[in-house]
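Visitor: Read in numbering that gives the first Met the number 0, the sequence shown has 103 at position 104, and its numbers run on one by one without any break. C-beta atoms are modelled at their ideal positions from N, C-alpha and C, and glycine is treated no differently. Below is a structure I'd like to ask you about.
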Amino acid sequence: MSYTDFYHANKSANGIALRLDVGLLNDDVSNVFDGFFANENPETLKSYEDKGMSIYKCSINKENIISSRNLQKTPENMAILKSICNVDDGNILDMFSDFIFLGRSNIVDLEAFIDVIPTKVDYTPNATKAGKLNFLKHEIIRLKGRIAAKLGYDGIKMTIKGQTLVLIVNPLIEWQYVEKKIAQAA
Numbered sequence: 000m001s002y003t004d005f006y007h008a009n010k011s012a013n014g015i016a017l018r019l020d021v022g023l024l025n026d027d028v029s030n031v032f033d034g035f036f037a038n039e040n041p042e043t044l045k046s047y048e049d050k051g052m053s054i055y056k057c058s059i060n061k062e063n064i065i066s067s068r069n070l071q072k073t074p075e076n077m078a079i080l081k082s083i084c085n086v087d088d089g090n091i092l093d094m095f096s097d098f099i100f101l102g103r104s105n106i107v108d109l110e111a112f113i114d115v116i117p118t119k120v121d122y123t124p125n126a127t128k129a130g131k132l133n134f135l136k137h138e139i140i141r142l143k144g145r146i147a148a149k150l151g152y153d154g155i156k157m158t159i160k161g162q163t164l165v166l167i168v169n170p171l172i173e174w175q176y177v178e179k180k181i182a183q184a185a
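Right, dumping it as structure tokens:
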């Protein structure tokens, strides 16, 4: 088995643990994904550390990380999606699933789902259309992560804004605080 260290920056200086607050949006907006974004290079988090955020690391077996490209639109994955997405209309769910499994990313097409796909922002009063659209994009990422977790993976690798990251989705993963001097030396 090949274990790799992954690093995550967080506002909390008192330790972190993944809480699956489905349907809730709390002050820790990073939990909007029901996971923690991390990568293998702690140097990429230096700017966050410079802003006073704490750095944490975990070790994960690379075999327990799936690439988002490998999530396919299979009957098993569609059943998982249906169980976690809270959408009763099978046609809407099927069309929306193209954004999850096929990498469809046309924002104009995504706007059609603002009022039919529930997201965590739905619990926020006075959310704007732009805010809802932004959270719908987050919901696609969250759902990919929840599907990966239901399939037994600890994380899912994806590219966001040109950077390859892993969304750690297993709440049993233990995170360790990285001392600042260690983070600089790593």
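(1) Nearest CA to the CA of Ile159: which residue from His137, Tyr176 and Asp153?
(2) For Phe5, I'd like the list of residues in its chain whose CB is within less than 8 Å of its CB, leaving aside the five on either flank, ordered along the chain.
(3) Given a threshold of 16 other Cβ atoms within 10 Å of its Cβ, counted over all protein chains shown, does Ala148 qualify as buried or as exposed?
(4) Sort Asn30, Met0, Asn9 and Asn13 by Cα distance to Pro170 and report the nearest one.
(5) Need the endpoints of the alpha helix (DSSP H) that Ser46 sits in, please.
(6) Determine the direct distance from the alpha carbon of Ser67 to that of Cys84, and round the result to whole angstroms.
(7) Can you round the beta-carbon distance between Ile116 and Phe95 to whole angstroms, since I take them to be within the 8 Å contact cut?
(8) Tell me, to the nearest whole angstrom, how far the beta carbon of Lys50 is from that of Ser1; I am working on the premise that it is less than 8 Å.
(9) Residues in the same chain with beta-carbon distance under 8 Å from Leu92, minus the five sequence neighbours each way, listed in chain order, please.
(10) Could you give the distance in angstroms between the alpha-carbon of Glu214 and the alpha-carbon of Gly89?
(11) Which ranges would you report for the beta strand (DSSP E) in the segment 45–129 if only whole runs of at least 3 residues count?
Guide: To lay it out plainly:
(1) Translated into the one-based positions of the sequence shown, residue 159 becomes position 160. For Ile159, the nearest C-alpha among the options comes from His137.
(2) Counted from its first residue, the sequence shown places residue 5 at position 6. These residues qualify, in order along the chain: Ala37, Asn38, Glu39, Lys56, Cys57, Ser58, Ile59, Gly154, Val165 and Ile167.
(3) Along the sequence shown, one-based indexing puts residue 148 at 149. Buried, by the Cβ-count rule.
(4) Residue numbering aside, residue 170 sits at position 171 when the sequence shown is read from its first letter. Comparing Cα positions, the closest option is Asn30.
(5) Residue 46 sits at position 47 when you count from the first residue of the sequence shown. Run containing Ser46: Lys45 to Asp49, per the alpha helix (DSSP H) assignment.
(6) Translated into positions along the sequence shown, residue 84 becomes position 85. Translated into positions along the sequence shown, residue 67 becomes position 68. Going from the Cα of Cys84 to the Cα of Ser67 covers about 18 Å.
(7) Residue numbering aside, residue 116 sits at position 117 when the sequence shown is read from its first letter. Residue numbering aside, residue 95 sits at position 96 when the sequence shown is read from its first letter. That pair is a contact at about 6 Å.
(8) Along the sequence shown, read from residue 1 onward, the residue named residue 50 stands at position 51. Along the sequence shown, read from residue 1 onward, the residue named residue 1 stands at position 2. Not confirmed; about 32 Å, so no contact.
(9) As a first step, residue 92 is located in the sequence shown; it is residue number 93 there, counting from the start. Counting only Cβ-Cβ distances below 8 Å, and skipping sequence neighbours, we find Met77, Leu80, Lys81, Cys84 and Val86.
(10) Residue coverage of the chain in this structure runs from 0 to 185, which leaves residue 214 outside it and unanswerable.
(11) 53–60 and 64–66
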